[in-house]
């Protein structure tokens, strides 16, 4: 059974009286353990697609099943629980909480889940070690480089052992060497922990590092749907 | 829970200046309410003892009259006064009560006082001098001070058993008649049977009633002298002092029952029913308290809503991130509510410190003022009432929490994608 199943998904935005068709009939299947890159030019619908898969936005029409759950039928609270347990997010701008240390940022998803501080700390330390930041656990984001912040972000995405990690342009704010390191790190974790990774990019230099490419243009998948 | 409180503290420290201003606004609001409450609390305490011990010579906690005195006593005084035997019986029954510390007979008279050239109407309380001293000591023990001239003579001597015809005269009346301590005069009034009676008096002292309305007509006589003037052995009323003022109502009911069983038909009124100042002033000050508190609380709530609104606006993207990580809408509200509560707590603690500072300042450097209707200055004091401070602290924390929830609920409802895209 596919981890993600999208059937004839459309997404429209309304800008005043103008309707923007961001996605136009997407059919996509992604299995467990896959390492997928969604790529295409700016405005092609990459972010919209990832938002729908991440259950932070709703499709206008179509059926979206993630980890066996029809996202459209879930209430807002159920979606929150679903995201917390099933999905990890890596954001383009890192989106770390500035008043928390690296360790506390990584502990956050577990604490939202209600895991005890002791247990959350233990699991967060393991993930921070995996991303090579054991020495910087008490540093706040403002005291870390962009690459270090993104590695904290990756650790945070992985800490609750999700089935799926979604990364929207995770390398956009990084230099090319750090970008390659982040993608290599994600791929390593994908292979080690068998977690499905989906990330969007428009940087063609990174595409040779992925296993599957989904190409999107004008809200339609051009290549790699299945 | 502790981790979220820790996070709330850190979020408050993000914009130190803004948070400090908000906390100070809460603190000043807290202090404004608590100081005003402390002031009226102290004022009520003093007014209560003034009514019991000082107003019109003191109403006592309870005043016992023969049944019907209030309606008909002025027309048929003898019929509605206690006979000598009844007075003895009542004071005997009162002495049996543990909660009663004084039972003193009193009679009020009206008449004319003359210095030989000019006459003036007077109202005099006939009191037992040694009981008057006891009331004064009791009053002092309760409030720690007695405003100058209430029961002690301003000039001259106080009433004494030895000088039966010695009288105290209120200062404006003495001024009007140009009478000074040691000076003599004549008082004239009707006895209970309607005959005119006149007797020489000597002014022992001139005192201040504490009230502008009574200073030009009040006098104080020896109780025995009053009886001589009225040519009677009867007593108009019996003043009762209790050990605990909170027992007033219970003791009234108890004594009414006791006297009824003893065959004494009487009416008992409490100090707050008799006082002309306490209920009116209390009602007035309570109204101002509600008015002032409402304004202060509105300002405090508006400040918190504004601060939290700005904080939420700045952290919209962070809210989006937290929601994406799985925090529910109510979780976002709780987070900001906690920040509001922490600010409310910090502000209230500042308020308690400010209250304590003013409390100490007024104890060492008391301000004096003359309340409306009073003739003598009193100290402005502020009471330290721990339970009131605690209740106010809880109220402000609760209000701060609610004030923070209002904008937070709006933020929590925001679309996650929009929140993440907020710059």
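Residue numbers (the numbering used here), protein chains in the order written: chain X, 7 to 232; chain W, 5 to 427. C-beta: ideal position from N, C-alpha, C; glycine also. Please read all numbers here as calculations on a predicted model, not as lab measurements.
Rounded separation between residue i and residue j - CA only
i                     : j                     : result
residue 328 (chain W) : residue 171 (chain X) : 12 Å
residue 94 (chain W)  : residue 293 (chain W) : 42 Å
residue 90 (chain X)  : residue 301 (chain W) : 39 Å
residue 206 (chain W) : residue 163 (chain W) : 11 Å
residue 183 (chain W) : residue 61 (chain W)  : 21 Å
residue 118 (chain W) : residue 45 (chain W)  : 43 Å
residue 260 (chain W) : residue 360 (chain W) : 44 Å
residue 147 (chain W) : residue 108 (chain W) : 21 Å
residue 253 (chain W) : residue 247 (chain W) : 13 Å
residue 90 (chain W)  : residue 249 (chain W) : 26 Å
residue 167 (chain X) : residue 425 (chain W) : 26 Å
residue 38 (chain X)  : residue 74 (chain X)  : 12 Å
residue 19 (chain W)  : residue 25 (chain W)  : 10 Å
residue 64 (chain W)  : residue 51 (chain W)  : 13 Å
residue 88 (chain X)  : residue 421 (chain W) : 17 Å
residue 104 (chain W) : residue 186 (chain W) : 37 Å
residue 204 (chain X) : residue 35 (chain W)  : 57 Å
residue 69 (chain W)  : residue 82 (chain W)  : 12 Å
residue 2 (chain W)   : residue 318 (chain W) : What the structure shows of chain W is the stretch from 5 to 427, and residue 2 (chain W) is not part of that stretch, so it cannot be assessed.
residue 186 (chain X) : residue 104 (chain X) : 25 Å
Residue i - DSSP class collapsed to helix/strand/coil
i                     : result
residue 24 (chain X)  : strand
residue 67 (chain W)  : strand
residue 192 (chain X) : helix
residue 66 (chain X)  : coil
residue 388 (chain W) : coil
residue 123 (chain W) : strand
residue 50 (chain W)  : helix
residue 401 (chain W) : helix
residue 201 (chain X) : coil
residue 85 (chain W)  : coil
residue 146 (chain X) : coil
residue 19 (chain W)  : coil
residue 13 (chain X)  : strand
residue 172 (chain W) : strand
residue 288 (chain W) : helix
residue 172 (chain X) : strand
Interface flag, residue i vs chain W, CB-CB below 9 Å
i                     : result
residue 43 (chain X)  : no
residue 75 (chain X)  : no
residue 179 (chain X) : no
residue 60 (chain X)  : yes
residue 131 (chain X) : no
residue 18 (chain X)  : no
residue 105 (chain X) : yes
residue 83 (chain X)  : yes
residue 95 (chain X)  : yes
residue 15 (chain X)  : no
residue 141 (chain X) : no
residue 68 (chain X)  : no
C-beta contact flag for residue i and residue j at 9 Å
i                     : j                     : result
residue 12 (chain W)  : residue 345 (chain W) : yes
residue 342 (chain W) : residue 9 (chain W)   : yes
residue 98 (chain W)  : residue 139 (chain W) : no
residue 33 (chain W)  : residue 400 (chain W) : yes
residue 110 (chain W) : residue 264 (chain W) : no
residue 11 (chain X)  : residue 29 (chain X)  : no
residue 189 (chain W) : residue 120 (chain W) : yes
residue 164 (chain X) : residue 189 (chain X) : no
residue 7 (chain W)   : residue 117 (chain X) : yes
residue 384 (chain W) : residue 410 (chain W) : no
residue 175 (chain X) : residue 98 (chain X)  : yes
residue 378 (chain W) : residue 215 (chain W) : yes
residue 222 (chain X) : residue 55 (chain X)  : yes
residue 153 (chain X) : residue 180 (chain X) : yes
Test: residue i CB closer than 9 Å to a CB of chain X
i                     : result
residue 22 (chain W)  : no
residue 327 (chain W) : yes
residue 413 (chain W) : no
residue 331 (chain W) : yes
residue 419 (chain W) : yes
residue 289 (chain W) : no
residue 7 (chain W)   : yes
residue 310 (chain W) : no
residue 324 (chain W) : yes
residue 14 (chain W)  : yes
Nearest-angstrom beta carbon gap, residue j and residue i [assumed within contact, 8 Å]
i                     : j                     : result
residue 115 (chain W) : residue 191 (chain W) : 6 Å
residue 134 (chain X) : residue 109 (chain X) : 7 Å
residue 232 (chain W) : residue 167 (chain W) : Contact doesn't hold; Cβ gap of about 13 Å is too wide.
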